[in-house]
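Take a look at the structure set out below.
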Amino acid sequence: MKTKIKICGFKTTDEVKNLNPADIDFMGIVLFFPKSRRSVSVEQAKKILAAVPSGIKKTAVTVSPNLEQVQAVEKAGFDYLQVHGTLEDEILEKTSISIIRAVNIKNGVPELEIHPRIKAFLFDAAEPGSGKPFDWNALSRVPRGNRKWVLAGGLNPSNVGDAIHLIHPDMVDVSSSVEKPEGGKDFHKIHAFIEAVRKAD
Numbered sequence: 001m002k003t004k005i006k007i008c009g010f011k012t013t014d015e016v017k018n019l020n021p022a023d024i025d026f027m028g029i030v031l032f033f034p035k036s037r038r039s040v041s042v043e044q045a046k047k048i049l050a051a052v053p054s055g056i057k058k059t060a061v062t063v064s065p066n067l068e069q070v071q072a073v074e075k076a077g078f079d080y081l082q083v084h085g086t087l088e089d090e091i092l093e094k095t096s097i098s099i100i101r102a103v104n105i106k107n108g109v110p111e112l113e114i115h116p117r118i119k120a121f122l123f124d125a126a127e128p129g130s131g132k133p134f135d136w137n138a139l140s141r142v143p144r145g146n147r148k149w150v151l152a153g154g155l156n157p158s159n160v161g162d163a164i165h166l167i168h169p170d171m172v173d174v175s176s177s178v179e180k181p182e183g184g185k186d187f188h189k190i191h192a193f194i195e196a197v198r199k200a201d
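Residues in the sequence shown are numbered from 1 upward in steps of one, following our numbering.
In structure tokens, the structure reads:
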């Protein structure tokens, strides 16, 4: 099975215009979360989205978004909404964008929300964006169901192969470990990550 690849935290058009849809399936942009150094405005996001090559799915990464924010995400042209924190009922009732539901693993795995709009569960560390992995064995007791599984949290070229062999996720998600020390994406690191995933497959 080919493991899909999602790379998050893009901030500029230059970072995305040379992405190859043969290598990367999803990309992500952080919105409405000023605590993150990767967060951008909706206007910035629109410019970045316009530069993304056709064939790569576009994901808005959010934390406890409100209805107005999700409506702005839909209008901007994203394909998916990734939700950390709280997912309000009115978002499920009044919007139509497909949802990737983030689940932060701290002391075991919390009960998973089931809703037709939730297309995938993204399992992440207790601190999203920290670049730290969680205990992957925690997922061994979780029923798979028919939702896609996305594995995130501290993945890098040296450990993603082990993660794929243990969890068999549908997709792996990376951000911190493919960045330059001063911030911004490092294409040498992105290439190394892609190669490690393909080797594991």
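All residues carry an ideal CB built from backbone N, CA and C; glycine is no exception.
Annotation: the continuous beta strand (DSSP E) that includes residue 101 extends over 98-105. According to DSSP, residue pairing for residue 197 in a beta bridge does not occur. Leaving aside the five residues that flank residue 100 on each side, the residues in its chain whose CB is nearer than 6 Å to its CB run, in chain order, 80, 82, 120, 122. Around the Cβ of residue 24, a 10 Å sphere holds 16 or more other Cβ atoms; the residue is buried. Judged by their CB atoms, residue 49 and residue 77 are nearer to each other than the 8 Å cut-off.
Counted as a single uninterrupted DSSP element, the stretch harbouring residue 165 is not any beta strand (DSSP E) but the alpha helix (DSSP H) occupying residues 160-167. Contact between the stretch 44-58 and the stretch 157-172 is absent: fewer than 3 CB-CB pairs across the two stretches fall below 8 Å. For residue 150, the secondary structure class from DSSP, reduced to helix, strand or coil, is strand.
For residue 5, the enclosing beta strand (DSSP E) starts and ends at 4-8.
Within a 10 Å sphere around the beta-carbon of residue 187 sit fewer than 16 other beta-carbons, which makes this residue exposed. Taking 8 Å as the cut-off, the beta carbon of residue 200 is found closer than this to the beta carbon of residue 160. Remark: C-beta atoms of residue 149 and residue 135 do not approach each other more closely than 8 Å.
In the displayed model, residue 59 falls within a strand according to three-state DSSP.
Nearest in C-alpha terms to residue 145, of all of 13, 87, 112, is 112. Where residue 89 is concerned, there is no enclosing beta strand (DSSP E), although the alpha helix (DSSP H) around it starts and stops at 89-94. Straight across, the Cα-Cα distance linking residue 183 with residue 102 is about 24 Å. DSSP lists 60 as the bridge partner or partners of residue 29.
Excluding the 5 residues flanking it on each side, residue 175 has same chain C-beta neighbours closer than 6 Å at 8, 9, in chain order. From the listed residues 64, 155, 168, the smallest Cα separation to residue 192 is found for 155.
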